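J.:
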Amino acid sequence: MNPKAAELSIRELQIEDLDPLIAYWTQADPVFLTNMGVDLSKMPKESEWRAFLSKQLTQAYNEKESYCLIWLLNSQAVGHSNISKISFGEKAYMHLHLWKPDHRTKGLGIQFVQKCIPVFFKNMELKELYCEPYALNPGPNKLLKKIGFNFVHQYTGIPGWLNFEQEVNLWQLTKENYLNLKENW
Numbered sequence: 000m001n002p003k004a005a006e007l008s009i010r011e012l013q014i015e016d017l018d019p020l021i022a023y024w025t026q027a028d029p030v031f032l033t034n035m036g037v038d039l040s041k042m043p044k045e046s047e048w049r050a051f052l053s054k055q056l057t058q059a060y061n062e063k064e065s066y067c068l069i070w071l072l073n074s075q076a077v078g079h080s081n082i083s084k085i086s087f088g089e090k091a092y093m094h095l096h097l098w099k100p101d102h103r104t105k106g107l108g109i110q111f112v113q114k115c116i117p118v119f120f121k122n123m124e125l126k127e128l129y130c131e132p133y134a135l136n137p138g139p140n141k142l143l144k145k146i147g148f149n150f151v152h153q154y155t156g157i158p159g160w161l162n163f164e165q166e167v168n169l170w171q172l173t174k175e176n177y178l179n180l181k182e183n184w
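Note that numbering that gives the first Met the number 0 numbers the sequence shown so that position 69 is 68, with each residue one more than the last.
1. When burial is assigned at 16 or more other CB atoms within 10 Å of the CB, is isoleucine 85 buried or exposed?
2. Per DSSP, what are the beta-bridge partners of histidine 102 in this structure?
3. Count the other C-beta atoms from every protein chain shown that fall within 10 angstroms of the C-beta of tryptophan 170, then say buried if there are 16 or more, exposed otherwise.
4. Which value, in whole angstroms, describes the spacing of the CA atoms of asparagine 179 and lysine 141?
5. According to DSSP, is lysine 84 part of a helix, a strand, or is it coil?
6. Report the residue ranges of all alpha helix (DSSP H) runs contained in full by the stretch 20 to 91; include only those spanning at least 4 residues, in chain order.
7. If you draw a straight line from the alpha carbon of isoleucine 109 to that of isoleucine 146, how long is it in whole angstroms?
8. Using only the alpha-carbon positions, how far apart do serine 53 and glycine 78 sit?
9. Whose C-alpha, out of Leu95, Ile21, Leu128 and Gly156, is nearest the C-alpha of glutamate 47?
10. Could you tell me whether the Cβ atoms of tyrosine 129 and tyrosine 154 are closer together than 7 Å?
11. Spell out a yes or no on whether the stretch 21 to 37 and the stretch 155 to 163 are touching, meaning 3 or more CB-CB pairs, one atom from each, closer than 8 Å.
12. Mind checking which residues open and close the beta strand (DSSP E) that includes glutamine 13?
13. Which whole-angstrom value describes the C-beta separation of histidine 68 and glutamate 124, a residue pair presumed to lie in contact below a C-beta threshold of 8 Å?
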């Protein structure tokens, strides 16, 4: 697949996205999830995922605990980016996921994230966007550097509610840096 010839778009999470998004988490290879930093003992049941994601569909931006954008490749949902730990009007923490292995390492993630970042900054009125990937997961770390996030530091901790304690790379993109970078995307 040539990512440059593909039609890439994004949209806010919709009810029809719940099943594939939940399947990504509940049916993924445990080795893949662990390599991403997920503590399998913390994995919610399908019904818990559905309740958490459904709540997002009805909340105003300033009420959201999580805000999810679905990635579409030729009109088919293939992944998502969401933000959590949202301080509306201030900062949030971004996550990025291509659901199927055959879509990874083809440059799609960069293009999708570049489409999501403006939406996150605008709709959540952010001043700063952070990302905290597992230090041993090379994909997101390379992507963040290429896009223009600034590496802040590495620390040992639990970056999200689904994670185990791990080495974490903290990356930051300020609104000012984003506005300067977006012209080159």
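For each residue, glycine too, the CB sits at the ideal point set by N, CA and C. Bear in mind that the values here come from a model prediction, so they are computed numbers and not experimental data.
T.: Walking through what the data contain:
1. Buried is the call here.
2. Paired residue(s): none; histidine 102 is not in a bridge.
3. buried
4. Distance between the alpha carbons of asparagine 179 and lysine 141 is about 20 Å.
5. strand
6. List check, alpha helix (DSSP H) in window: 29 to 34 and 45 to 57.
7. Distance between the alpha carbons of isoleucine 109 and isoleucine 146: 7 Å.
8. 17 Å
9. Ile21
10. With contacts defined by Cβ atoms closer than 7 Å, tyrosine 129 and tyrosine 154 do not form a contacting pair.
11. Here the stretch 21 to 37 makes contact with the stretch 155 to 163; the two share three or more CB pairs at distances below 8 Å.
12. No beta strand (DSSP E) contains glutamine 13, which DSSP labels as neither H nor E.
13. Residue identity check: residue 68 is leucine in the sequence provided, not histidine. With 8 Å as the limit, leucine 68 and glutamate 124 do not qualify as a contact, their Cβ atoms being about 16 Å apart.
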